[in-house]
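Visitor:
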Amino acid sequence: MASLDDLKKRILSVKSTQKITKAMKMVAAAKLKRAQENAEKGRPYSEKMNNIILNLSNGISDKENAPKLLAGTGNDKVHLCVVLTSDRGLCGGFNSNIIKKAKAYFSKITSEGKNLKIITVGSKGYDQLKRQYSDKIVNKISFKESKNVNFFDAEKVSKIIIESFQKNEFDVCTIFYNKFKNVITQIPQAQQIIPLKSSETGNENEKDNYEFEPEEDEILGNLLPKNISTQIFKAMLENSASEQGSRMSAMDNATRNAGEMVDKLTIQYNRSRQAAITKELIEIISGAESL
Amino acid sequence: MSEEFKLEIVNPEKSFLSKEDVTEVLVPAFEGDMGILKDHISIISFLKPGILKVFSKSGEDKYYVEDGIIEFKDNTLSILTSSIFSLDKIDRSYVSQSLSDTEKLLSKEDLDDQSRFLISQKIDVLKSISSN
Numbered sequence: 391m392a393s394l395d396d397l398k399k400r401i402l403s404v405k406s407t408q409k410i411t412k413a414m415k416m417v418a419a420a421k422l423k424r425a426q427e428n429a430e431k432g433r434p435y436s437e438k439m440n441n442i443i444l445n446l447s448n449g450i451s452d453k454e455n456a457p458k459l460l461a462g463t464g465n466d467k468v469h470l471c472v473v474l475t476s477d478r479g480l481c482g483g484f485n486s487n488i489i490k491k492a493k494a495y496f497s498k499i500t501s502e503g504k505n506l507k508i509i510t511v512g513s514k515g516y517d518q519l520k521r522q523y524s525d526k527i528v529n530k531i532s533f534k535e536s537k538n539v540n541f542f543d544a545e546k547v548s549k550i551i552i553e554s555f556q557k558n559e560f561d562v563c564t565i566f567y568n569k570f571k572n573v574i575t576q577i578p579q580a581q582q583i584i585p586l587k588s589s590e591t592g593n594e595n596e597k598d599n600y601e602f603e604p605e606e607d608e609i610l611g612n613l614l615p616k617n618i619s620t621q622i623f624k625a626m627l628e629n630s631a632s633e634q635g636s637r638m639s640a641m642d643n644a645t646r647n648a649g650e651m652v653d654k655l656t657i658q659y660n661r662s663r664q665a666a667i668t669k670e671l672i673e674i675i676s677g678a679e680s681l
Numbered sequence: 008m009s010e011e012f013k014l015e016i017v018n019p020e021k022s023f024l025s026k027e028d029v030t031e032v033l034v035p036a037f038e039g040d041m042g043i044l045k046d047h048i049s050i051i052s053f054l055k056p057g058i059l060k061v062f063s064k065s066g067e068d069k070y071y072v073e074d075g076i077i078e079f080k081d082n083t084l085s086i087l088t089s090s091i092f093s094l095d096k097i098d099r100s101y102v103s104q105s106l107s108d109t110e111k112l113l114s115k116e117d118l119d120d121q122s123r124f125l126i127s128q129k130i131d132v133l134k135s136i137s138s139n
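If you're matching them up, the sequences are chains A and B in order.
Quick note on the numbering used here: the first sequence kicks off at 391 and runs consecutively.
Quick note on the numbering used here: the second sequence kicks off at 8 and runs consecutively.
1) If I measure Cβ to Cβ from B/L106 and keep anything under 6 Å in the same chain, skipping five residues before and after, which residues do I get?
2) Can a CB atom of chain B be found closer than 8 Å to the CB of A/N595?
3) Comparing C-alpha positions only, which one of A/C563, A/A419 and A/D653 sits nearest to A/L586?
4) Using the DSSP secondary-structure output, state which residues sit across from A/M416 in a beta bridge.
5) Along chain B, which residues have their Cβ under 7 Å away from the Cβ of A/I442?
6) Pick helix, strand or coil for B/K129, following the three-state DSSP scheme.
7) According to DSSP, simplified to helix, strand and coil, what is A/D543?
8) For A/K504, which of A/M641, A/D466 and A/K421 has the nearest alpha-carbon?
9) Can you tell me which of A/E670, A/L671 and A/Y659 puts its alpha carbon nearest to the alpha carbon of A/L397?
10) Consider the Cβ of B/V72: report whether some Cβ of chain A lies at a distance smaller than 8 Å.
11) Are the beta-carbon atoms belonging to A/D607 and A/P434 less than 8 Å from one another?
12) Under 9 Å between beta-carbons, which chain B residues line up against A/L519? List them in chain order, please.
13) Run down chain B in chain order and give the residues with a C-beta less than 7 Å from the C-beta of A/K431.
14) Chain A partners of B/S85, CB-CB under 7 Å?
15) Rounded to whole angstroms, what's the CA-CA distance from B/E15 to A/Q621? Just pull it up for me.
16) A/L446 touches chain B at which residues, Cβ-Cβ below 8 Å?
17) Can you confirm whether A/I401, when its beta carbon is compared against all beta carbons of chain B, has any partner nearer than 8 Å?
18) Examine chain B for any beta-carbon lying closer than 8 Å to the beta-carbon of A/P457, and answer yes or no.
19) According to DSSP, is A/L446 helix, strand or coil?
20) Taking three-plus beta-carbon pairs below 8 Å as touching, is the segment 487-503 of chain A in contact with the segment 575-582 of chain A?
21) Between which two residues does the alpha helix (DSSP H) holding A/N487 run?
22) Less than 8 Å separating the beta-carbons of B/S22 and A/K438?
23) Can you tell me which of B/I126, B/K55, B/I136 and B/F124 puts its alpha carbon nearest to the alpha carbon of B/S93?
24) Please look up how many angstroms separate the CB atoms of A/L655 and A/I401, rounded, as I've assumed it's under 8 Å.
25) I want to see whether chain B comes within less than 8 Å of A/G592, judged by CB atoms only; does it?
26) Applying the 10 Å Cβ sphere with the 16-neighbour rule, what's the burial state of A/F560?
27) Answer with yes or no whether the minimum CB distance from A/I531 to chain B is below 8 Å.
28) What is the rounded straight-line gap between the Cα of A/I667 and the Cα of A/A648?
29) With a threshold of 7 Å on Cβ separation, who are the neighbours of B/K55 within its own chain once the five nearest residues in sequence on each side are excluded?
30) Out of A/L610, A/E670, A/K409 and A/G483, point me to the one whose CA is closest to A/R637's CA.
31) Just grab the DSSP bridge partners of B/D46 for me.
32) So which residues on chain B does A/Y567 lean against when the C-beta distance must stay under 7 Å?
33) Residues in the same chain with beta-carbon distance under 7 Å from A/V539, minus the five sequence neighbours each way, listed in chain order, please.
34) Note down the Cα distance separating A/S406 from A/R424, rounded to an integer number of angstroms.
35) What number of angstroms, rounded off, separates the C-alpha of B/K26 from the C-alpha of A/K624?
36) Quick one, which residues of the segment 24-44 of chain B are near chain A if we go by CB-CB under 7 Å, in chain order?
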């Protein structure tokens, strides 16, 4: 049995861990609020963008010569996967969930005999993927320095993607991120951004007669790269809200577990203290009796 | 009949401006400046660097935009842009910084006509801002 001193030390160490997790939870809660606000503020932009693209792609007359970013290369050989994760750990299953989703997709792609290329955004994703897929990772990006999610970072990522698309280095591009539902639930998502999925162009009844200036094709050519930045930015916003939410609930759990542990250890400590006292008493009494 | 329509300017991070009482907006569209009044036909176009003027009952506001997309539909003008600054509050150091950056860009060799045009537009506008 551990000595009283050891128990005391353990209780102290658990308590200080609890303090840390509690503080992290508070910080995450504050950050979550901001991240959520940002995600909500960013929504009108991406919605409007989506709407305009929808109208444009409906209005385009010559589907054959549509920009490649919309129509695709016609091939389905090389898949580029952009895995968006966080730069920091201690956020529960946040990163693992994305990685799990991505890995399932990876093995599906490779079993179909297609080529796989990976870009990781955020250092945690790279750490988890490099063991198994180090030969597939073509680029790793990390925004450790920037405190908040900003559009500039998203543009950097999309620039890399578009440049490599123009060099015909891949045919299909999918991004992986966590969609923020609420603090407890975040849903890992796989979203195809190149070529643009037509499943979202569902509501055709909303056909408007627009005047375009300049021509549709030219606007689309200008707009599609921007849409990719927007989509990535949206994913990054969702991701940052998810990260904080996930961290908050993970730290909440950790704080609770530490509390339970402290309770258990305190009982153990009190018992052994009592036992020591009793033992001493017995010694004194039996000593007195023997006199 | 009222001559007002709604204007919404959004950038990726937040909604930049939302106004209900706009009477005219002058946008630097790609193929030339365009004035938009109420009951304009639905239109989609994109912007080149320039000055965006908003006329409303409360007065006239000027903004500097670098790029963006405009959509006019049902008397609502939506402007999506990633870089917009109010001319009254624009940072002088940003203007001069951006001006020197863009001038550097222009000296590059491998430019197509369109981007060369956009860059020179930007330089012109920035110069006119800084001279004011």
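Every residue gets a Cβ at the ideal spot worked out from N, C-alpha and C, and that includes glycine.
Quick caveat, the model's predicted, so the values are computed rather than measured.
Guide: Looking at the coordinates:
1) Correct list, in chain order: L133.
2) Confidence at A/N595 is low in this model, with a pLDDT of 46, below 50, so its placement is unreliable and the value that follows should be read with caution. With 8 Å as the cut-off, A/N595 does not count as an interface residue toward chain B.
3) That would be A/C563, whose Cα lies nearest to the Cα of A/L586.
4) DSSP output for A/M416 lists no bridge partner at all.
5) The contacting residues are I51, I76 and E78.
6) It is helical.
7) Correct three-state label for A/D543: helix.
8) Per the Cα distances, A/D466.
9) Put simply, of A/E670, A/L671 and A/Y659 the residue whose alpha carbon is nearest the alpha carbon of A/L397 is A/Y659.
10) B/V72 does not count as touching chain A.
11) Note that the C-beta distance between A/D607 and A/P434 is not below 8 Å.
12) Neighbours of A/L519 across chain B, judged by C-beta separation under 9 Å, do not exist; the nearest C-beta is about 28 Å away.
13) The answer, in chain order, is E20, K21 and S22.
14) Simply K438.
15) Each residue's Cα considered, the two are about 20 Å apart.
16) Taking the beta carbon of A/L446 as reference, the chain B residues within 8 Å of it are I51, listed in sequence order.
17) Any Cβ of chain B closer than 8 Å to the Cβ of A/I401 would place that residue at the interface, and such an atom is absent.
18) Not an interface residue.
19) In the structure shown, A/L446 sits in a helix (DSSP, three-state: H, G or I).
20) Yes, the segment 487-503 of chain A is in contact with the segment 575-582 of chain A.
21) F484 to S501 is the extent of the alpha helix (DSSP H) around A/N487.
22) With a cutoff of 8 Å on beta-carbon distance, B/S22 and A/K438 are scored as not near each other.
23) Taking the Cα of B/S93 as reference, the smallest distance to any Cα among B/I126, B/K55, B/I136 and B/F124 is reached at B/I136.
24) Indeed, because the Cβ distance is near 5 Å, the residues count as touching under 8 Å.
25) Confidence in A/G592 is poor, its pLDDT being 46 and thus under 50, which makes the residue's placement too unreliable to answer from.
26) Looking at its Cβ environment, which holds 16 or more other Cβ atoms inside 10 Å, A/F560 is buried.
27) For A/I531, no CB of chain B lies under 8 Å from its own CB, so it is not counted at the interface with that chain.
28) Taking the straight line joining both Cα atoms gives about 28 Å.
29) Excluding residues within five positions, the ones whose Cβ falls inside 7 Å are P35, F37, L125 and Q128.
30) It is A/G483.
31) Answer is none; B/D46 lacks a bridge partner.
32) Those within 7 Å of A/Y567 in chain B number zero; the least Cβ separation is about 16 Å.
33) Only residues of its own chain outside the window of five on either side were considered, and among them N428, M626, L627 and S630 have a CB closer than 7 Å to the CB of A/V539, listed in chain order.
34) Each residue's Cα considered, the two are about 28 Å apart.
35) Counting only the Cα atoms, A/K624 lies some 25 Å from B/K26.
36) Cβ contacts with chain A come from A36, F37 and E38.
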